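Under numbering that gives the first Met the number 0, the sequence shown has 190 at position 191, and the numbering climbs by one with no breaks.
No residue lacks a Cβ here, since even glycine has one placed at the ideal position from N, Cα and C.
Small disclaimer: the values here were computed from a predicted structure and weren't measured.
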Amino acid sequence: MTRARLRDLGITIGTYPAGPNNAITDVPGVWVGHTTLIHDGPRIARTGVTVIAPREGNIWKDNAFAGFHSFNGCGEMTGMHWLTESGLLCSPIAITNTHQVGLVHEAMVSYGHERGHTDIGALPVVAETWDGWLNDADAHQLTKEHVYAALDNAAPGLVAEGCVGGGTGMICNDFKGGIGTSSRVVETKSGTYTIGALVQANHGDRNLFRIDGVPVGREIPATHTPMPWGEAPDTSSIIIIVATDAPLIPTQCNRLAQRATVGLARTGGIGHNGSGDIFLAFATGNHFADHGESLYDLKMMPHHHLNEIFEAEAEVVEEAILNVLTAAETTTGFKGRTAHALPLEEVRRVMEKYNRKLL
Numbered sequence: 000m001t002r003a004r005l006r007d008l009g010i011t012i013g014t015y016p017a018g019p020n021n022a023i024t025d026v027p028g029v030w031v032g033h034t035t036l037i038h039d040g041p042r043i044a045r046t047g048v049t050v051i052a053p054r055e056g057n058i059w060k061d062n063a064f065a066g067f068h069s070f071n072g073c074g075e076m077t078g079m080h081w082l083t084e085s086g087l088l089c090s091p092i093a094i095t096n097t098h099q100v101g102l103v104h105e106a107m108v109s110y111g112h113e114r115g116h117t118d119i120g121a122l123p124v125v126a127e128t129w130d131g132w133l134n135d136a137d138a139h140q141l142t143k144e145h146v147y148a149a150l151d152n153a154a155p156g157l158v159a160e161g162c163v164g165g166g167t168g169m170i171c172n173d174f175k176g177g178i179g180t181s182s183r184v185v186e187t188k189s190g191t192y193t194i195g196a197l198v199q200a201n202h203g204d205r206n207l208f209r210i211d212g213v214p215v216g217r218e219i220p221a222t223h224t225p226m227p228w229g230e231a232p233d234t235s236s237i238i239i240i241v242a243t244d245a246p247l248i249p250t251q252c253n254r255l256a257q258r259a260t261v262g263l264a265r266t267g268g269i270g271h272n273g274s275g276d277i278f279l280a281f282a283t284g285n286h287f288a289d290h291g292e293s294l295y296d297l298k299m300m301p302h303h304h305l306n307e308i309f310e311a312e313a314e315v316v317e318e319a320i321l322n323v324l325t326a327a328e329t330t331t332g333f334k335g336r337t338a339h340a341l342p343l344e345e346v347r348r349v350m351e352k353y354n355r356k357l358l
């Protein structure tokens with residue numbers, strides 16, 4: 000069966016309407032770019048980098064309020080000390096493999112200076128998950144130019160999902176993992192806003208994996224779709240980036256970041272001991288000129304108006320993770336190892352077995 004998005008299978012998560020692209024790019028001004036490396040010589044590459052560029056890439060000079068949450072901290076997301084201290088996101092966000100955080104961080108700094116985005120020290124945000132099962136991670140094959148290309152190619156509109164960018168070599172719920180995204184349009188008492196999520200999913204246990212509450216993972220045994228390894232390890236990770244155009248302040252962004260956990264849990268993610276489950280949320284509803292000298296006029300949603308935002312966030316995170324799995328393709332990589340794609344015909348069979356009506 001041809002790879003698809005979850006909704007192409009007739010499965011809809013939740014009740015809030017999706018944005019036109021059902022992607023984080025439905026939040027105005029949020030762009031996404033990928034660089035993907037797939038080759039077999041001289042060393043095996045199944046890796047890449049994904050960039051989220053708020054404010055059409057002008058986040059360097061027009062900062063946004065942001066918040067952070069570590070559900071389980073066996074991982075890395077740079078720049079979090081300053082983000083926590085200031086409440087500001089001051090750079091694009093890059094997501095890559097564990098062993099190349101340093102290279103991507105250095106490339107982000109040099110890109111900011113060379114392109115005139117910053118003239119002082121930069122503390123860019125770079126997050127990671129480990130792709131060393133399918134990628135020869137010790138070969139360090141990403142270059143500065145690859146990071147520049149992802150930044151330069153960042154664009155609005157549809158977002159490539161599955162085995163792309165930083166998600167190229169990832170494994171999720173013992174199936175092929177990668178990049179996924181989703182969005183919702185939310186009416187609140189403060190106005191109508193968009194919320195979106197992008198995930199790099201490299202986590203999970205097939206036995207716990209669920210789609211809209213249905214235990215799909217338990218219904219697809221290894222005898223049907225082989226596991227990528229023997230006994231599933233407890234070392235896995237997911238990076239979740241949440242964006243909204245709602246006028247939130249940093250404490251509210253922290254609350255948004257925390258609630259990404261709800262969407263993760265709905266798919267069966269529990270934050271295993273060796274998992275790097277790290278979440279960042281940013282809100283573009285206020286503007287902050289870099290080095291501004293004047294007082295800022297801020298807007299803030301009342302806390303009790305956030306409930307609809309929280310509900311929609313759970314939906315977008317859940318669906319983004321599921322879009323990873325429906326889009327990702329079977330991949331063979333390092334040492335001949337194979338991560339098999341989630342079999343979509345089996346998904347339809349299992350959903351129907353549990354009396355779920357497919358649209």
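*What are the boundary residues of the beta strand (DSSP E) that includes Val184?*
Gly177 to Thr187
_Rounded distance between the beta-carbons of Ser182 and Ala17, thought under 8 Å_ = 6 Å
*Is DSSP giving Gly164 helix, strand or coil here?*
DSSP places Gly164 in helix when its eight states are reduced to three.
_Helix, strand or coil for Thr325? Go by DSSP, reduced to three states._
helix
*In chain order, what residues of the same chain have a beta carbon less than 8 Å from the beta carbon of Ser189, not counting five sequence neighbours either side?*
Ala245, Pro246, Met300, Pro301 and His304
*Report yes or no: is there a C-beta of chain D within less than 8 Å of the C-beta of Asp204?*
You won't find chain D in this structure, because it holds only one protein chain.
*CA-CA distance, Lys394 and Ala149?*
Nothing about residue 394 can be read from this structure; the chain reaches only from 0 to 358.
*Buried or exposed: which applies to Asn134, given that a residue is buried once 16 or more other Cβ atoms fall within 10 Å of its Cβ?*
buried
*Could you check where the beta strand (DSSP E) with Trp30 kicks off and where it finishes?*
Trp30 to His38
*Rounded distance between the beta-carbons of His202 and Gly268, thought under 8 Å*: Indeed, because the Cβ distance is near 6 Å, the residues count as touching under 8 Å.
*Contained beta strand (DSSP E) runs [length at least 3] in the region 229–314, N- to C-terminal order*: Counting only runs that start and end inside the region 229–314, the beta strand (DSSP E) elements of at least 3 residues fall at 236–243 and 275–288.
*Element boundaries [beta strand (DSSP E), containing His359]*: Residue 359 lies beyond the residue range present for the chain, which begins at 0 and ends at 358; the question has no answer from this structure.
*Contact between the region 68–84 and the region 36–52: three or more CB pairs below 8 Å?*
The region 68–84 is not in contact with the region 36–52.
_Opening and closing residue of the alpha helix (DSSP H) in which Gly101 lies_ = Val100 to Glu113
*Span of the alpha helix (DSSP H), counted from its first residue to its last, around Arg45*: Counting along the chain, Arg45 falls outside any alpha helix (DSSP H), though it belongs to the beta strand (DSSP E) covering Ala44 to Ala52.
*Could you say which of Glu218, His80, Leu5 and Tyr192 lies nearest to Lys352 if we only look at CA atoms?*
Glu218
*Return the CA-CA distance between Gly101 and Ala65, expressed in angstroms with no decimal places.*
23 Å
_Candidates Thr180, Ile119, Ala280 and Thr1: closest to Pro249 by CA position_ = Ala280
*Nearest CA to the CA of Met76: which residue from Ile12, Arg265, Gln199 and Val261?*
In terms of Cα proximity to Met76, the closest of Ile12, Arg265, Gln199 and Val261 is Gln199.
*asked:* Just to confirm, is the Cβ distance from Glu307 to Gly262 under 8 Å?
replied: no
*Thinking C-alpha only, which one of Thr14, Thr1 and Leu294 is nearest Asp211?*
Across the set Thr14, Thr1 and Leu294, the C-alpha of Thr14 shows the shortest separation from the C-alpha of Asp211.
*Should Cys162 and Thr330 be called a contact, given that it needs their Cβ atoms to be closer than 8 Å?*
yes
*With DSSP collapsed to three states, give me the class of Asn57.*
helix
*Contact check, Trp59 vs Phe333 under 8 Å by CB: the rounded distance?*
Not really, about 36 Å apart at Cβ, beyond 8 Å.
*Residues of its chain near Pro27, where Cβ-Cβ distance is below 8 Å and the 5 sequence neighbours each way are ignored*: Thr193, Asp244 and Thr283
*Please go through the same chain and pick out, in chain order, the residues whose beta-carbon is closer than 6 Å to the beta-carbon of Val29, but skip the five residues on each side of it.*
Ile23, Pro53 and Ala242
*Assigned secondary structure, Met226 (DSSP; H/G/I helix, E/B strand, else coil)*: Coil at Met226, not helix or strand.
*Exposure label - Lys356; buried when at least 16 CB within 10 Å*: Lys356 is exposed by the Cβ-count criterion.
*If you drop the 5 nearest sequence neighbours on each side, which residues of the same chain put their C-beta closer than 6 Å to that of Thr46?*
Leu36, Asn96, Asp130, Asn134, Thr167 and Gly168
*Mapping DSSP to helix, strand and coil, what is Glu218?*
helix
*Met226 versus Phe174: straight-line alpha-carbon distance, rounded*: 7 Å
*Along the chain, where does the beta strand (DSSP E) that runs through Leu197 open and close?*
Run containing Leu197: Gly190 to Asn201, per the beta strand (DSSP E) assignment.
*Thinking C-alpha only, which one of Arg258, Asp289, Met350 and Glu160 is nearest Gly115?*
Asp289
*Same chain only: Cβ atoms within 8 Å of Glu186, ignoring 5 sequence neighbours per side*: Glu307
*Does DSSP put Leu341 in a helix, in a strand, or in coil?*
Secondary structure of Leu341 (DSSP, three-state): coil.
_Rounded to the nearest angstrom, what separates Val349 and Leu324 at their Cα positions?_
Looking at the two C-alpha atoms, the distance is approximately 15 Å.
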